[in-house]
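Working notes, beginning with the structure itself.
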Amino acid sequence: MKKIRILIANPAGNITIFVLDHFEPRQYQSIASQLLAMTELKGEQVAFVADENTMHMCGMEFCGNASRAFALMTAQKQGIAGYGQVEINVSGCDQPLSVEVNTENQFTRIGMPPPLRIEKWEEGGLPRGSYLVDMDGIMHIVVRDMAPTLEHFNEIKDLVDKKFDPPAMGVMFFNTTAGTLTPVVYVKEVNTTYFEGSCGSGTTAVAAAFSADEPDGSYRFTLPQPAGTITATVDKVQGEVKAVYIEGTVSLSEVMEVEVVSP
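Encoded structure:
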């Protein structure tokens with residue numbers, strides 16, 4: 001057995017376990033599976049700190065919520081008091097991300113990578129107004145007024161896998177009456193499907209999809225999700241989504257130690 005240091009982050013209910021000790025990417029899946037099996041940690045996903053400014057998700061996918069949490073961790077480590085700005089590198093994104101932070105109230109606002117593609121996608125009998133949003137590190141399907149069940153998720157996942165086979169994909173089930181979002185995400189590398197408490201990249205995808213047919217301008221969406229609320233702002237210029245920001249608070253635990261079987 002090996003003792004490792006971890007920290008648990010809660011960005012809008014999307015509980016993320018950060019591994020603070022260094023591991024090689026080939027070891028990620030073994031460590032993550034053990035941590036997710038520790039039900040007392042209540043983790044939905046696992047991230048690995050590669051260096052002081054770099055974070056990898058277990059499946060090397062992109063995650064907006066984990067990126068927000070890592071930015072706050074980085075700001076605290078740099079000794080930033082109150083408002084500041086940090087730059088981080090994260091898996092699934094080929095460019096550094098700039099994040100506004102406030103260490104006093106644990107607020108974060110991150111500029112998300114703009115979607116590579118936004119298009120209506122109503123294959124396989126999906127509801128009208130469904131969208132495919134390709135975030136590069138993860139692909140999301142945004143559907144309206146479809147029950148957020150595992151059966152529906154798997155049906156959509158099969159459609160996506162056959163056509164695109166992305167490393168990670170999500171279905172964002174939006175309830176137009178309640179104005180709420182239920183995110184469900186699958187990561188191929190670790191073969192996990194989670195009904196997440198919230199999803200940062202999914203929030204970005206929904207905001208981008210809902211802005212797709214709007215004229216140029218700035219659009220703000222506040223999306224309550226099962227365990228928290230994330231606000232997204234979309235800037236459209238010349239008919240294209242040029243920038244998306246998500247914001248909200250993040251809580252961080254103290255550093256703790258757990259024992260795992262060394263991979």
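The numbering of the sequence shown is the UniProt record's numbering, which starts it at 1 and goes up by one. For glycine and all other residues, C-beta sits at the position ideal for the given N, C-alpha and C.
Residue nearest to S98 in terms of C-alpha spacing, selected from R109, L132, F221 and A232: The residue you call residue 98 lines up with position 98 of the sequence shown. Of the candidates R109, L132, F221 and A232, the one whose C-alpha sits nearest the C-alpha of S98 is R109.
Simplified DSSP state of V133, which is helix, strand or coil: As a first step, residue 133 must be located in the sequence shown, where it is residue number 133. In the structure shown, V133 sits in a strand (DSSP, three-state: E or B).
For P11: DSSP bridge partner residues: Within the sequence shown, the letter at position 11 stands for residue 11. Note: P11 sits in a beta bridge opposite V250.
Proximity to T203 [Cα-Cα], best of Y28, V244, R128 and K157: On the sequence shown, position 203 is the one that residue 203 refers to. Check the Cα spacing between T203 and each of Y28, V244, R128 and K157: the tightest is with V244.
Buried versus exposed, by CB contacts within 10 Å (16 or more), E119: Within the sequence shown, numbered from 1, the residue matching residue 119 stands at position 119. Classification for E119: exposed.
Residue environment, P113, which counts as buried when at least 16 other CB atoms sit within 10 Å: Counted from its first residue, the sequence shown places residue 113 at position 113. Answer is buried; the Cβ neighbour count reaches 16.
Residue environment, R128, which counts as buried when at least 16 other CB atoms sit within 10 Å: Counting from one through the sequence shown, the residue named residue 128 turns up at place 128. Counting of Cβ neighbours within 10 angstroms places R128 among the exposed residues, the total staying below 16.
N175 versus M135: straight-line alpha-carbon distance, rounded: Indexing the sequence shown from 1 puts residue 175 at position 175. Indexing the sequence shown from 1 puts residue 135 at position 135. Their backbone Cα atoms lie some 22 Å apart in a straight line.
Three-state class that DSSP yields for I31 in the structure shown: Here residue 31 refers to the residue found at position 31 of the sequence shown. I31: helix per DSSP, three-state reduction.
Expected contact under 8 Å - CB spacing of V142 and A168 to nearest Å: Here residue 142 refers to the residue found at position 142 of the sequence shown. Here residue 168 refers to the residue found at position 168 of the sequence shown. Beta-carbon to beta-carbon, V142 and A168 are separated by about 15 Å, too far to satisfy the 8 Å threshold.
Alpha carbon of A37 to alpha carbon of T231, nearest angstrom: To locate residue 37, count along the sequence shown from 1; it is residue 37. To locate residue 231, count along the sequence shown from 1; it is residue 231. Taking the CA atoms as reference points, A37 sits about 31 Å from T231.
Cβ-based burial, Q106 [other Cβ within 10 Å; buried from 16]: For this step, residue 106 is matched to residue 106 along the sequence shown. Buried, because 16 or more other Cβ atoms sit within 10 Å of the Cβ of Q106.
Beta-bridge pairing of G228 - partner residues as DSSP gives them: Within the sequence shown, the letter at position 228 stands for residue 228. G228 is bridged by DSSP to Q225.
Reduced DSSP category for K242 - H, G, I as helix; E, B as strand; rest coil: Stepping through the sequence shown from its first residue, residue 242 is reached at position 242. DSSP places K242 in strand when its eight states are reduced to three.
Nearest neighbour of residue 270, chosen from T103, E189, C93 and E122 [CA to CA]: Since the first and last residues shown for the chain are 1 and 263, residue 270 lies out of range.
Proximity of M1 and E259 at Cβ, strictly below 8 Å: If you number the sequence shown from 1, residue 1 lands on position 1. If you number the sequence shown from 1, residue 259 lands on position 259. For M1 and E259, yes; Cβs fall inside 8 Å.
R68, buried or exposed, once every other Cβ within 10 Å from all chains shown has been counted against 16: Here residue 68 refers to the residue found at position 68 of the sequence shown. Under this definition R68 is a buried residue.
Nearest-angstrom beta carbon gap, T180 and Q238 [assumed within contact, 8 Å]: For the purposes of this step, residue 238 is taken as residue 238 along the sequence shown, with counting starting at 1. For the purposes of this step, residue 180 is taken as residue 180 along the sequence shown, with counting starting at 1. Incorrect: roughly 32 Å between the Cβ atoms, too far for contact.
Own chain partners of E196 with C-beta closer than 6 Å, once the 5 adjacent residues on each side are dropped: Taking the first residue of the sequence shown as 1, we reach residue 196 at position 196. Sequence-distant Cβ neighbours of E196 in its own chain, meaning closer than 6 Å and more than five residues away, are N14, E44, P183 and V185.
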